[in-house]
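One structure below.
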Amino acid sequence: MKRIAPQCVVALLVPTLVLAASPTGASAPSTPAELRQTLTELMREEHVPGASYAVFDRNGTVLSESLGLANHDTRAPVSEGTLFRLGSITKTVTAIAILQLVEQGHFSLQTPVSDLLPSAPIDNAFHASDPVRVVHLLTHTAGFDDTHPKAFFSPVERRGHHLESSIAHPEPLVVRWRPGTSESYSNPGYVLLGAILEAHYGQPWDEIVSSKVLKPLGIEQTAALTSEAAKRDHAEGHSGSDMHRTGMPFEQTQADGALWCSAKDLARLGRFLLTDGASAPGVLQPETVRAMKRAQGTLGVGAQLAYGPGLGLRPRIVNGGLWLGHTGGVLGAKASLHFHAEQGMGYVLLVNSENTLRELETPLAAYISAQTQWKAPTAEARPIQSDVDGWYRLVNPRISLLGLPTYLLDTGHVQAQGDQLKISPFIPGLGYGASLKHHGNGLLADTDYGDVVNGVVLRDEGGAVIGLELGGDSLRRTSMAAAVLPQLSVLLAVPLLLSAPFGRRKALRNRWVRRLPSLALLVLVLGIVCATNLEFHLLGQMTWQTVGLWAATVLFPALAVAGIAVSVRTWRQETGTVARWRGLLGSASALVLSLWLAGFHLSPLALWRW
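Each residue of the sequence shown is one higher than the one before, starting from 48 at the first, in my numbering.
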């Protein structure tokens, strides 16, 4: 599906600033040499300094290669043993350690987290009937927010102490909807899983997963601390077309994304999952590994949708096929570990750049399909009922910081046309859009990704349509007025505010009728400048950008209120009809925008405290 993805804080201030993403075409290398050449060319086009990849099947690793530079500045090459940041692939390792305790009977997937961590600062309005359970943490269905800026990085390297970190940064642990209904990716949920492991074993997380998971899997080339990886052959992080180094700042927690590993070693984890644990007997029972692969935890899964979060695993559509595994993305690096059960093969891809990942994954998946002679499935489309027609809004943003742009932009109108379902935004190119094919029983496939079913129509007990679940997005039915009027209010307010500074200089007796909305506009522009210059690793600190953004969100509503007050007080004294209306409407427009910000707790916005 084609969603317009607002760019964090910029979109909070200017909802019209969005970026569209579209999938790229796939090449189909059929030999190791062709694969290497294809990836090398793509790395050059995408400005990726170095990469390491491996292809595995049920018997072991069948291909591994290293390409490019581990450090663009020093020209150090990537070797077979080079350690790359895995990011969130770490979560799969954490999940395996948790599931070992489940197998041993220490607790179950349905155990409330509060029973295991009584001091965990979970704020759940649904606790009486729907407590946050272990399964919700594993599947990102607790309703938590994602990590807030101030909890991204640490000035000193931390080891363990996951519960202390959760207590120090409780803001994301507010349950936003009933647990077990919608997915929303949440690193803080896996921080709690790390805390559960540490509480049980009385050891730091890295020691636990090393002894209980990594070593039993035969994974030797790994590190859990950045300082440890820095002493060894490792890939530095890079970004941008100039491939500048991003540095390796310390993160505050480990269980959600701290591991480093080589591609060839990480393939052992992929093979373990592909073989239902047979490649490393004793780590987990086969039925437990199979349970990891099953989608669970959302309303869509309850409606027979097989596409959804597993226990430490996630689905990914690549080259027309449905793969399972996990991706990782951290400052300066990306990673992918995925396997395809039907083909009996999988791949590992590690890059030391945040520029791209999917563009390099596609030829890897195509290469595997060439070896297995697998063809993407086709399914017969079936007519869909027109009762699905109507307006829908996305209701599960990953982070509440994006709640306002999500509310304003991520809406669309659904219309059934035979066996097709089309989602169109109110303003073409601005909003939620997708073209879907109906496969029967309400199951949907995004035509951008072939015939892989990744969505479903949600109905209540009486059969009435209540929403859609598409690729992890939860859309709920709404009225046309609720979908369109918020967008119209902003689309009307912005040009009215922009027009406030214009007009004849002497048309107003009290120049502040014009000056105040003009100053509000200037503050808004300066806030946008601060937002567009934000540096990710400094979001949680007091810098000129974050302080400027805070000041803008304080001054903007104050100037709006002052402008309205001056306009009303001097209304009868002013003879310039057009000028006084322009001033009043400019200030009123600033107030409308301010109310939207305040309604989503974005005014004032102090990122270092958020």
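C-beta: ideal position from N, C-alpha, C; glycine also.
Starting from residue i, follow its DSSP beta bridges and name the residues at the other end.
i                 : result
glycine 519       : Paired residues: none, contrary to the question.
methionine 392    : Asp104, His387
serine 111        : Ala101
histidine 485     : Leu491
glutamine 464     : Gln467
threonine 269     : Cys308
phenylalanine 297 : Ser201
aspartate 170     : Val221
glycine 514       : Leu505, Arg523
alanine 380       : Val377
histidine 285     : Arg292
arginine 132      : Trp307
arginine 180      : Pro159
How is the beta strand (DSSP E) around residue i delimited, first residue to last?
i              : result
asparagine 501 : 500 to 506
glutamine 467  : 467 to 471
Taking 8 Å as the cut-off, is the C-beta of residue i nearer than that to any heavy atom in the ligand GTP?
i           : result
glycine 355 : Of the ligands one can find in the structure shown there are none, so the ligand GTP has no counterpart to examine.
Could you have a look at residue i and say whether DSSP puts it in helix, strand or coil?
i              : result
leucine 116    : strand
threonine 458  : strand
alanine 412    : helix
glutamine 84   : helix
valine 203     : coil
lysine 262     : helix
serine 526     : coil
alanine 123    : strand
glutamine 620  : coil
leucine 441    : strand
leucine 60     : With a pLDDT of only 35 at leucine 60, under 50, the local geometry of the prediction cannot be trusted, and no value is derived from it.
alanine 637    : helix
valine 537     : helix
serine 69      : With a pLDDT of only 33 at serine 69, under 50, the local geometry of the prediction cannot be trusted, and the value read off the model is given with reservation. If DSSP states are grouped into helix, strand and coil, serine 69 belongs with coil.
leucine 654    : coil
valine 398     : strand
glutamine 474  : According to the sequence shown, residue 474 is isoleucine rather than glutamine. In the structure shown, isoleucine 474 sits in a strand (DSSP, three-state: E or B).
tyrosine 496   : helix
aspartate 193  : coil
tyrosine 237   : helix
serine 74      : Unreliable placement is indicated for serine 74, whose pLDDT of 48 sits below 50; the coordinate value is still reported in the next sentence. Here serine 74 sits in coil by DSSP.
isoleucine 243 : helix
serine 274     : helix
glutamate 427  : coil
tyrosine 354   : coil
valine 615     : helix
methionine 661 : The question about residue 661 has no answer, for the chain in this structure spans 48 to 657.
threonine 186  : helix
serine 447     : helix
What residue range is occupied by the uninterrupted alpha helix (DSSP H) comprising residue i?
i              : result
threonine 139  : 137 to 150
valine 365     : Element bounds for valine 365: not the alpha helix (DSSP H) but the beta strand (DSSP E), 361 to 365.
valine 377     : Counting along the chain, valine 377 falls outside any alpha helix (DSSP H), though it belongs to the beta strand (DSSP E) covering 368 to 377.
glycine 230    : Contrary to the premise, residue 230 reads as glutamate rather than glycine in this sequence. Glutamate 230 -> no alpha helix (DSSP H), and no H or E assigned at all.
glutamate 211  : 209 to 215
tryptophan 559 : 559 to 579
glycine 349    : 346 to 349
threonine 335  : 333 to 340
Check the C-beta distance from residue i over to residue j and give it rounded, since I have them as a contact under 8 Å.
i              : j             : result
valine 435     : valine 512    : 5 Å
alanine 271    : leucine 306   : 6 Å
arginine 523   : glycine 630   : Going by Cβ atoms, the distance from arginine 523 to glycine 630 rounds to 40 Å, so no, they are not a contact pair.
asparagine 399 : glycine 379   : 7 Å
serine 614     : serine 634    : 6 Å
glutamate 516  : threonine 345 : 6 Å
glycine 610    : lysine 197    : Glycine 610 to lysine 197, Cβ: 33 Å. No contact.
valine 222     : glycine 190   : 4 Å
Three or more beta-carbon pairs under 8 Å between the stretch 332 to 344 and the stretch 402 to 419, yes or no? no
Given 8 Å as the limit, is there contact between the stretch 265 to 276 and the stretch 229 to 247, that is, 3 or more CB pairs closer than that? No, the stretch 265 to 276 is not in contact with the stretch 229 to 247.
Per the contact definition of three or more C-beta pairs closer than 8 Å, is the stretch 380 to 388 in contact with the stretch 146 to 166? no
Cβ contact (3+ pairs, closer than 8 Å) linking the stretch 93 to 111 and the stretch 281 to 293: yes
With three or more C-beta pairs closer than 8 Å as the rule, is the stretch 544 to 552 touching the stretch 524 to 534? no
For the stretch 163 to 179 and the stretch 338 to 357, state whether three or more C-beta atom pairs, one from each stretch, are separated by less than 8 Å. Too few Cβ pairs lie closer than 8 Å, so no.
Would you call the stretch 177 to 195 in contact with the stretch 276 to 286, where contact means no fewer than 3 C-beta pairs closer than 8 Å? no
If contact is defined by three or more beta carbon pairs under 8 Å, each pair taking one atom from either stretch, is the stretch 322 to 329 in contact with the stretch 401 to 412? no
With three or more C-beta pairs closer than 8 Å as the rule, is the stretch 344 to 353 touching the stretch 482 to 501? yes
Using a Cβ distance threshold of 8 Å, determine whether the stretch 567 to 582 contacts the stretch 592 to 603, with at least three qualifying pairs required. yes
Three or more beta-carbon pairs under 8 Å between the stretch 199 to 218 and the stretch 419 to 432, yes or no? no
So, does the stretch 101 to 110 touch the stretch 304 to 318, judging by three or more C-beta pairs under 8 Å? yes
Within 8 Å, do at least three Cβ pairs link the stretch 246 to 256 to the stretch 363 to 377? no
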